[in-house]
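Those protein sequence lines, which keep their order, are chains Y and E.
Read in order, the letters of the first sequence correspond to residues 1 to 456 in the working numbering.
Read in order, the letters of the second sequence correspond to residues 1 to 456 in the working numbering.
First comes the structure, then the notes that go with it.
Number of protein chains: 2
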Amino acid sequence: MNNDDLLRPIDGADALTAPLAELNTADAVEYLNALDEAETTALLEALPLPRAVKILEQPELRHASELIAALPAERAAALLGQMADDRATDIFHELDEPDRQRLLWRLSAEARLSIQKLMRYPPNTAGALMTTEFVAVPTDWTVGRTLQYVREVERSRETVYAIYLLDPATRMLEQVVTMRRLITGQPDTPIMDVAQVNPPVGVDPLLDQEEVARLIRRHDLLAIPVVDPTGHILGIVTVDDILDALIAESTEDVQKFGGVEALDKPYMQIGFVEMIRKRAGWLSVLFLGEMLTASAMQHFEDELARAVVLTLFIPLIMSSGGNSGSQATSLVIRALALRELRLRDWWKVALRELPNGVVLGSILGVLAIIRIAVWQNAGLYNYGDHWQLVALTIGAALVGIVTFGSLSGSMLPFILQRLGFDPASASAPFVATLVDVTGLVIYFSIAAAILSGTLL
Amino acid sequence: MNNDDLLRPIDGADALTAPLAELNTADAVEYLNALDEAETTALLEALPLPRAVKILEQPELRHASELIAALPAERAAALLGQMADDRATDIFHELDEPDRQRLLWRLSAEARLSIQKLMRYPPNTAGALMTTEFVAVPTDWTVGRTLQYVREVERSRETVYAIYLLDPATRMLEQVVTMRRLITGQPDTPIMDVAQVNPPVGVDPLLDQEEVARLIRRHDLLAIPVVDPTGHILGIVTVDDILDALIAESTEDVQKFGGVEALDKPYMQIGFVEMIRKRAGWLSVLFLGEMLTASAMQHFEDELARAVVLTLFIPLIMSSGGNSGSQATSLVIRALALRELRLRDWWKVALRELPNGVVLGSILGVLAIIRIAVWQNAGLYNYGDHWQLVALTIGAALVGIVTFGSLSGSMLPFILQRLGFDPASASAPFVATLVDVTGLVIYFSIAAAILSGTLL
């Protein structure tokens, strides 16, 4: 670092940064989030560099890229250069192109190259999540030499609890040693003697973060190496990045299931126009799909005019189909995400959902028949002379529609996955719309079969 | 360990365990999951004890408690005694009472007491997740002495990467030292000199696991101490348990949002009756709520008979209200879970959702009016002499219903949280049902206002 004078806190900084002195990093981030941009920028300039770096490294700090852009370029570059490279990459991703270029060329060549490399990986992949700041030593070192090396480089590494052993000639990843094993080994023991027995689990840089999380969890790791096809280690993904990724992923899943495009930002930070854009798209698509219900109803216009009593139960019947579909979809989405189910298991699921749907539909059908009978006999409402047949129609329609809802709700995520989409795109509103149109046809077909000659 | 003869693999075991020899733990678990209970039990008996322990410690191993119950009591107790105590506690939780008692009394006094203590904490709390196998040393030790102690106890501790410093007199938790700092310190440095500056972040044993995850993530920890009200450390929750807990939690959230009771088991492992029970409850409750739509429709019977054209749009209008409500609910559920929003922010959300709803409703309203005008003028369908008024009714109803949907969908999670429920219980079907009933009333009121004197 050859610009030490720039990194020293500016005059009068003590008074400015006093409120932060007692706070840990997480609390300091919260404090800064409540200030406006000018105040936060002033503080980030006044704080000692290591403290400012720690604060900027928290993904919870809001508008980090705007703050970096607003800082003097020298200070911004110093901060970015000292930050963990994966987090610096995140910030570079959010910067405008002019700011990005302006700051990138002020970094050291090493930092610039590592950030440029990381920026090339698509978001939500192992490559985008990884840090290049890991510890690697040749396989022919001893425990003592490795430990000494770890002590020297510790400050610049994101984790030192997994040490990667490379072939001295080819530099290919051979083995992993945990810090636990390292500290319990004798100094003159060859490092390979304390390494794990099984070959290390590595991931491709393009692997999806959800899959990376699954592997980290499956093998109880604190970090997983990212390895290129030739067997060279590119970086590591640490468990704290995976925690953040999992939380972001589950936010996205709930939002998608609710029928919204993933927001990527906290609710209160989304602008009005952006919020409308994220919601209007799906809402309009579903609306256009749902317009088919109007067409279906037009088709049954005569039946509707002759038997208004049938109209009364349309919302009840259709919502039940949508609800049972939404249940089945949520179950299958998660089972697919957790690899409890594979694409090839679709028929097993269909064979379970079919009887499930019949039983659930029958339960609701019986409830509906009871309701109609009670209202009729208690004189609360007159469903007409053929009220028994009407009740039978409603009951039978519920069995049909709930079965159809369960079946199509459970198959939809499979179909999406088969077509190469995220099965979690199968939202509750999507399933409801799908079931609504078919539900109407089922309802009126059953009505025609049971009531023709009497009401119809 | 005084029963070494019991722990040695039985005769002929080599042939039996041969297929597992080459597999890492995660793969071995998958291999065992595909076998039947008798085969798996035989293998767990034949494997060397440490290997069998490692396999049983994986939460992915299915039917672990049944396997333990099926093993000879001595072997089962030896396995449970060697396992991480938090995982052994999970298995004890799932055992029947007779098996539980039978095995508990075969454990060493130490293991039994620690498991009995852990079993007392309610599920999904810090206490239930924690392990008592952590490293703690007095604050007056040196770096060298601590490191030597860690080397000695390493094998019996779940993590050694965080070392907890206790006051020598009161045994209260004073500070935390990370392994990173420990290995870089000089052997004769007092341990307190390498400890963190800020006091350690601790959690109450009854804190919810979601909150524990939030704190671990917020402070970038590998483990968090669980501390009783007197300041004594009871155990630690490690990041791998938090990963598992987060994944279980997000499965639960998606299932709840889909309107199913949380399954707690993989989809294909739930029995038929249990699956029906998990789904029929909510489905029936929603059905009974939705019956109010039939009552609402009965109330507007005259209007329906006079203007069948109004019926055609019922599914379209109602589903739009449900969809916009489901969007708003999913956004607010996640924002509350991530603490982006607090209970007191409800009015800010309401002030955002109101204009959002009006704009989204207007977009759909315009789409509906265009559709009616096109169909009418292209001769695809005749909406009657007053088709412009009908179109206006549908458009206005959409604005009203989508606004109501967004507003009530966004307020529902707040109301649930205020009443002490999990805001994530606000499922898409729940919101849809809520909006359906009111939506009908809005629709017919607007229709009455616009069409009275013409169609009505």
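We put the CB at the ideal spot given by N, CA and C, even for glycine.
Practice task
Can you give me, in chain order, the residues of the segment 254-265 of chain Y that have a beta carbon less than 9 Å from any beta carbon in chain C?
Solution key: Protein chains in the displayed structure are Y and E, and chain C is not among them.
Practice task
In angstroms with no decimal places, state the Cα-to-Cα distance between E:Ala34 and E:Ala64.
Solution key: Position 34 of the second sequence holds residue 34 of chain E. Position 64 of the second sequence holds residue 64 of chain E. Cα to Cα, the separation comes out at about 13 Å.
Problem - Three-state class that DSSP yields for E:Thr125 in the structure shown - result: As a position in the second sequence, residue 125 of chain E is number 125, starting the count at 1. E:Thr125: strand per DSSP, three-state reduction.
Practice task
Please list, in chain order, all residues of the same chain as Y:Ala368 whose beta carbon is under 8 Å from its beta carbon, the five residues on each side excluded.
Solution key: As a first step, residue 368 of chain Y must be located in the first sequence, where it is residue number 368. The answer, listed in chain order, is Phe313, Leu316, Ala391, Ile394, Gly395 and Leu398.
Handout entry: Own chain, CB closer than 7 Å to Y:Trp387, minus 5 neighbours either side, in chain order
Key = If you number the first sequence from 1, residue 387 of chain Y lands on position 387. Only Ile372 and Gln376 meet the Cβ criterion.
Practice task
Answer yes or no: do Y:Val201 and Y:Leu215 have a C-beta to C-beta separation smaller than 9 Å?
Solution key: As a position in the first sequence, residue 201 of chain Y is number 201, starting the count at 1. As a position in the first sequence, residue 215 of chain Y is number 215, starting the count at 1. A contact, by the Cβ cut-off of 9 Å.
Handout entry: Same chain, Cβ closer than 8 Å to E:Asn382, five either side skipped, listed in chain order
Key = As a working mapping, residue 382 of chain E is identified with position 382 in the second sequence. Here the set comprises Gln376.
Practice task
Flag Y:Met275 as yes if its beta-carbon sits less than 9 Å from any beta-carbon of chain E, otherwise no.
Solution key: For the purposes of this step, residue 275 of chain Y is taken as residue 275 along the first sequence, with counting starting at 1. Chain E contact via Cβ: present.
Practice task
Taking E:Leu166 as part of the beta strand (DSSP E), name the residues at either end of that continuous run.
Solution key: Numbered from its first residue, the second sequence carries residue 166 of chain E at position 166. Its beta strand (DSSP E) spans residues Ala162 to Leu166.
Practice task
Have a look at E:Arg155, E:Leu206 and E:Met318 and flag the residue whose alpha-carbon is nearest the alpha-carbon of E:Pro122.
Solution key: On the second sequence, position 122 is the one that residue 122 of chain E refers to. Among E:Arg155, E:Leu206 and E:Met318, the Cα nearest to that of E:Pro122 is on E:Leu206.
Exercise for the section: Give a yes or no on contact between the segment 44-54 of chain E and the segment 232-245 of chain Y, applying the rule of three or more CB pairs nearer than 8 Å. Expected result: no
Handout entry: E:Gly453 - DSSP class collapsed to helix/strand/coil
Key = Here residue 453 of chain E corresponds to residue number 453 of the second sequence, with the count starting at 1. Looking at E:Gly453 - three-state DSSP - the assignment turns out to be coil, as it is neither helix nor strand.
Exercise for the section: Compare the Cα-Cα distances from Y:Gly185 to each of E:Ile415, E:Val308, E:Glu154 and E:Pro138 and report the closest residue. Expected result: Position 185 of the first sequence, counting from 1, holds the residue named residue 185 of chain Y. Among E:Ile415, E:Val308, E:Glu154 and E:Pro138, the Cα nearest to that of Y:Gly185 belongs to E:Glu154.
Practice task
Grab the span of the beta strand (DSSP E) containing Y:Thr393 for me, first residue to last.
Solution key: Walking along the first sequence from the start, residue 393 of chain Y turns up at place 393. Careful: Y:Thr393 lies outside any beta strand (DSSP E), inside the alpha helix (DSSP H) at Trp387 to Arg418.
Practice task
Could you spell out the range, first to last residue, of the alpha helix (DSSP H) harbouring Y:Leu312?
Solution key: As a first step, residue 312 of chain Y must be located in the first sequence, where it is residue number 312. Segment: none, Y:Leu312 is in no alpha helix (DSSP H) and carries neither H nor E.
Exercise for the section: Report all residues from its chain with a CB closer than 6 Å to the CB of Y:Gly365; omit the five preceding and five following residues, and keep chain order. Expected result: Locating residue 365 of chain Y in the first sequence gives position 365, where the first residue counts as 1. Same-chain partners within the cutoff: Gly395, Leu398 and Val399.
Problem - Secondary structure of E:Val431, DSSP reduced to three states - result: As a first step, residue 431 of chain E is located in the second sequence; it is residue number 431 there, counting from the start. Note: E:Val431 maps to helix in three-state DSSP.
Problem - Per-residue burial, E:Asp282 [other beta carbons within 10 Å of its own, 16 or more giving buried] - result: Locating residue 282 of chain E in the second sequence gives position 282, counting from the first residue. First, the residue type needs correcting, since residue 282 of chain E is Trp and not Asp in the sequence shown. Buried.
Problem - Reduced DSSP category for E:Ile270 - H, G, I as helix; E, B as strand; rest coil - result: Counting from 1 along the second sequence, the entry for residue 270 of chain E is found at position 270. Of the three classes helix, strand and coil, the one that applies to E:Ile270 here is coil, per DSSP.
Practice task
Give a yes or no on whether 9 Å exceeds the smallest Cβ distance from Y:His219 to chain E.
Solution key: For this step, residue 219 of chain Y is matched to residue 219 along the first sequence. Yes - at least one Cβ of chain E is within 9 Å of the one on Y:His219.
Practice task
Might you give, ordered along the chain, the residues of its own chain that have their beta carbon closer than 7 Å to the beta carbon of E:Tyr149, omitting 5 neighbours on each side?
Solution key: Translated into the one-based positions of the second sequence, residue 149 of chain E becomes position 149. Result list for E:Tyr149: Val137, in chain order.
Practice task
Tell me, to the nearest whole angstrom, how far the beta carbon of Y:Thr329 is from that of Y:Ala245; I am working on the premise that it is less than 8 Å.
Solution key: In the first sequence, residue 329 of chain Y corresponds to position 329, counting from 1. In the first sequence, residue 245 of chain Y corresponds to position 245, counting from 1. Contact doesn't hold; Cβ gap of about 24 Å is too wide.
Problem - Beta-carbon neighbours of Y:Met179, restricted to chain E and to distances below 9 Å - result: Looking up residue 179 of chain Y in the first sequence gives position 179. Simply Val160, Tyr161, Met179, Arg180 and Ile183.
Exercise for the section: Enumerate in chain order the residues of its own chain whose CB-to-CB distance from Y:Arg120 is below 8 Å, with the five nearest sequence positions on each side excluded. Expected result: As a position in the first sequence, residue 120 of chain Y is number 120, starting the count at 1. Within the same chain, Y:Arg120 has close Cβ partners Gly127.
Exercise for the section: Compare the C-beta of Y:Glu94 against all C-beta atoms of chain E and say whether one is closer than 9 Å. Expected result: Looking up residue 94 of chain Y in the first sequence gives position 94. By this cut-off, Y:Glu94 is not an interface position.
Problem - Spatial distance of Y:Ala42 from Y:Arg102 (CA atoms) - result: By one-based count along the first sequence, residue 42 of chain Y stands at place 42. By one-based count along the first sequence, residue 102 of chain Y stands at place 102. The alpha-carbon atoms of Y:Ala42 and Y:Arg102 are separated by roughly 20 Å.
Practice task
State the DSSP-derived secondary structure class of Y:Gly202, mapped to helix, strand or coil.
Solution key: Taking the first sequence and counting its residues from 1, one reaches residue 202 of chain Y at position 202. Of the three classes helix, strand and coil, the one that applies to Y:Gly202 here is coil, per DSSP.
Practice task
Please confirm if Y:Glu97 has its CB atom under 9 Å from at least one CB of chain E.
Solution key: In the first sequence, counting from the first residue as 1, residue 97 of chain Y sits at position 97. So no, Y:Glu97 is outside the interface.
Exercise for the section: Could you check if E:Leu380 is buried or exposed, using at least 16 other CB atoms within 10 Å of its CB as the buried criterion? Expected result: If you number the second sequence from 1, residue 380 of chain E lands on position 380. Under this definition E:Leu380 is an exposed residue.
Practice task
Classify Y:Phe272 as buried or exposed, calling it buried when 16 or more other Cβ atoms lie within 10 Å of its own Cβ.
Solution key: Taking the first sequence and counting its residues from 1, the one referred to as residue 272 of chain Y is at position 272. Per the 10 Å Cβ criterion, exposed.
Practice task
Whole angstroms is fine: what's the gap from E:Ala88's alpha carbon to E:Asp436's?
Solution key: Position 88 of the second sequence holds residue 88 of chain E. Position 436 of the second sequence holds residue 436 of chain E. Looking at the two C-alpha atoms, the distance is approximately 48 Å.
Handout entry: Y:Ile224 - partner residues in DSSP beta bridges
Key = On the first sequence, residue 224 of chain Y is found 224 positions in, with the first residue counted as 1. Answer is Y:Val237, bridged to Y:Ile224.
Practice task
Check the Cβ-Cβ distances between Y:Arg151 and every residue of chain E, and say whether any is below 9 Å.
Solution key: Position 151 of the first sequence holds residue 151 of chain Y. Yes - at least one Cβ of chain E is within 9 Å of the one on Y:Arg151.
Exercise for the section: In the DSSP assignment, find the alpha helix (DSSP H) that holds E:Val349 and state where it starts and stops. Expected result: For the purposes of this step, residue 349 of chain E is taken as residue 349 along the second sequence, with counting starting at 1. That run of the alpha helix (DSSP H) goes Trp346 to Asn377.
Practice task
Please confirm if the segment 249-262 of chain E is in contact with the segment 249-263 of chain Y, defined as three or more CB-CB distances below 8 Å between the two stretches.
Solution key: yes
Practice task
Compare the C-beta of Y:Gly322 with all C-beta atoms of chain E and state if any pair is closer than 9 Å.
Solution key: Stepping through the first sequence from its first residue, residue 322 of chain Y is reached at position 322. Chain E contact via Cβ: present.
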